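Residue 99 in my numbering sits at position 100 of the sequence shown, with consecutive numbering throughout.
The beta carbon of each residue, even a glycine, is placed where N, CA and C say it ideally should be.
Bear in mind that the values here come from a model prediction, so they are computed numbers and not experimental data.
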Amino acid sequence: MTIDSGGATSASAGERAATERLRIARAAQPGYERPFRTRTVDVGGVRFGGDEVVVVAGPCAVESRAQTLTIARACRSAGVRMLRGGAYKPRTSPYSFQGLGRAGLEILAEARAETGLPFVTEVLDPRLVELVASYADMLQIGSRNMQNFPLLAEVGRARKPVLLKRGFGTTVEEWLCSAEHILHAGNTEIVFCERGLRSFDGGPRPRTALDLAGLRRLRELAPFPVLVDPSHVAGSFERVPELAAAGLDAGAHGLLIEVIADGTDRDTVLCDGPHAIEIGVLRRIVERAAAPVREIRV
Ligand code: PEP
Ligand code: MN
Numbered sequence: 000m001t002i003d004s005g006g007a008t009s010a011s012a013g014e015r016a017a018t019e020r021l022r023i024a025r026a027a028q029p030g031y032e033r034p035f036r037t038r039t040v041d042v043g044g045v046r047f048g049g050d051e052v053v054v055v056a057g058p059c060a061v062e063s064r065a066q067t068l069t070i071a072r073a074c075r076s077a078g079v080r081m082l083r084g085g086a087y088k089p090r091t092s093p094y095s096f097q098g099l100g101r102a103g104l105e106i107l108a109e110a111r112a113e114t115g116l117p118f119v120t121e122v123l124d125p126r127l128v129e130l131v132a133s134y135a136d137m138l139q140i141g142s143r144n145m146q147n148f149p150l151l152a153e154v155g156r157a158r159k160p161v162l163l164k165r166g167f168g169t170t171v172e173e174w175l176c177s178a179e180h181i182l183h184a185g186n187t188e189i190v191f192c193e194r195g196l197r198s199f200d201g202g203p204r205p206r207t208a209l210d211l212a213g214l215r216r217l218r219e220l221a222p223f224p225v226l227v228d229p230s231h232v233a234g235s236f237e238r239v240p241e242l243a244a245a246g247l248d249a250g251a252h253g254l255l256i257e258v259i260a261d262g263t264d265r266d267t268v269l270c271d272g273p274h275a276i277e278i279g280v281l282r283r284i285v286e287r288a289a290a291p292v293r294e295i296r297v
């Protein structure tokens, strides 16, 4: 793709073809051609893409009412602006916990009613978009579904903003084209989320590699806010603060973080216990995130 003002990027024939497919993105934002100009996306009163960093946090999965309400209250007291939590979980193994489904959505709605915080939750299946959208403030497309085109079209028809996570084996151009599917179906309220690419490490080592160059490139090319998810990169909770800080330094507009209640035995957590952070750590990350979104100079 070619960027004229500020220069920097050369274009291959393949990339020019991708540019052709981004007409709607340009039309959605006058001044799109200017790199780093970001439009704002409002989710239940929370503004993504403005000067303030937005921290979204919560459990990986809604496991129970008590677990979710405890975490939601702690998130609120830590200064988090929006809740996250999976009611439908994309699990590698069919024998792993798959989420509570509709009961999980009910619990998230209760957490919102009590804390006043809007919530984002993943939708896995085009047939469930209407149901999930009837509860959620924002629909998450997970990494594994970034190129599930029927699902993208369905959330594109929904009247709720979309959090579009990057597929862990995809290019920035493919990520943009996935957003284009959503835009093409009529939904212009999109927030991107970088969550790392497949790397050589795994297990207790980092799960993925955080692509900060890709994050910057996305900010050059797309007029939409972008979050960093340090949690699914980290592999272990100790690494989350540095990854969060690196994401903000690279110009992310916010963070998506998985947490557990203080004192939780990680081995009992049904999904992603190893990288979930406790509330004290979350509080320090939120404090650091109080600085304005880092301006990127060309
Ligand atoms: C999640 O955020 O709940 C999740 C499953 O992450 P990802 O799709 O990035 O793996
Ligand atoms: Mn998770």
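Three-state secondary structure assigned by DSSP to residue i
{"i": "R293", "result": "coil"}
{"i": "I278", "result": "helix"}
{"i": "R298", "result": "Coverage of the chain is limited to positions 0 through 297, which leaves residue 298 absent and any answer about it impossible."}
{"i": "R64", "result": "helix"}
{"i": "A56", "result": "strand"}
{"i": "G262", "result": "coil"}
{"i": "T69", "result": "helix"}
{"i": "L211", "result": "helix"}
{"i": "S76", "result": "helix"}
{"i": "R36", "result": "coil"}
{"i": "L99", "result": "coil"}
{"i": "R90", "result": "coil"}
{"i": "G272", "result": "helix"}
{"i": "A27", "result": "Bear in mind that the predicted position of A27 carries a pLDDT of just 48, short of 50, making it unreliable; the figure below should be weighed with that in mind. Residue state, collapsed to three classes: helix."}
{"i": "I106", "result": "helix"}
Test: residue i CB closer than 7 angstroms to a CB of chain B
{"i": "D264", "result": "Going by chain labels, chain B is absent from the structure shown, which holds only one protein chain."}
Environment of residue i [buried if 16+ CB atoms lie within 10 Å]
{"i": "E286", "result": "exposed"}
{"i": "A288", "result": "buried"}
{"i": "R111", "result": "buried"}
{"i": "P149", "result": "exposed"}
{"i": "P222", "result": "buried"}
{"i": "R80", "result": "buried"}
{"i": "S95", "result": "exposed"}
{"i": "A212", "result": "exposed"}
{"i": "P160", "result": "buried"}
{"i": "G44", "result": "exposed"}
{"i": "R216", "result": "buried"}
{"i": "S142", "result": "buried"}
{"i": "A77", "result": "buried"}
{"i": "P203", "result": "exposed"}
{"i": "F199", "result": "exposed"}
{"i": "S133", "result": "exposed"}
{"i": "T98", "result": "Note on residue identity: the sequence assigns Gly, not Thr, to residue 98. It is buried - the Cβ of G98 has at least 16 other Cβ atoms within 10 Å."}
{"i": "T91", "result": "exposed"}
Separation of residue j from residue i, as counted between CA atoms
{"i": "A290", "j": "P93", "result": "42 angstroms"}
{"i": "C74", "j": "Y87", "result": "21 angstroms"}
{"i": "V40", "j": "F191", "result": "11 angstroms"}
{"i": "E173", "j": "Q66", "result": "36 angstroms"}
{"i": "G185", "j": "E179", "result": "10 angstroms"}
{"i": "P240", "j": "V280", "result": "8 angstroms"}
{"i": "M145", "j": "E105", "result": "26 angstroms"}
{"i": "V292", "j": "T69", "result": "29 angstroms"}
{"i": "E129", "j": "P205", "result": "35 angstroms"}
{"i": "L299", "j": "D261", "result": "It is not possible to answer for residue 299, since the shown part of the chain is limited to 0 through 297."}
{"i": "L107", "j": "R72", "result": "12 angstroms"}
{"i": "V225", "j": "D266", "result": "32 angstroms"}
{"i": "V42", "j": "V131", "result": "15 angstroms"}
{"i": "R156", "j": "V119", "result": "17 angstroms"}
{"i": "E277", "j": "A60", "result": "15 angstroms"}
{"i": "E257", "j": "H274", "result": "7 angstroms"}
{"i": "P89", "j": "I140", "result": "11 angstroms"}
{"i": "N147", "j": "G168", "result": "14 angstroms"}
{"i": "V171", "j": "E62", "result": "33 angstroms"}
{"i": "G57", "j": "F47", "result": "18 angstroms"}
Identity of the residues DSSP links to residue i by a beta bridge
{"i": "D120", "result": "With the sequence shown as reference, residue 120 is identified as Thr, and Asp is not the correct amino acid for it. Partner(s): L138."}
{"i": "D41", "result": "R46"}
{"i": "E51", "result": "P291"}
Near the ligand MG: residue i beta-carbon under 6 angstroms from a heavy atom
{"i": "G85", "result": "Within the structure as shown, the ligand MG is missing, the only ligands being the ligand PEP and the ligand MN."}
3 or more residues per run - each beta strand (DSSP E) lying fully within the segment 133–207: 137–140, 161–164, 189–193
Within the segment 214–270, ranges of the beta strand (DSSP E) (whole runs, at least 3 residues): 225–227, 253–257
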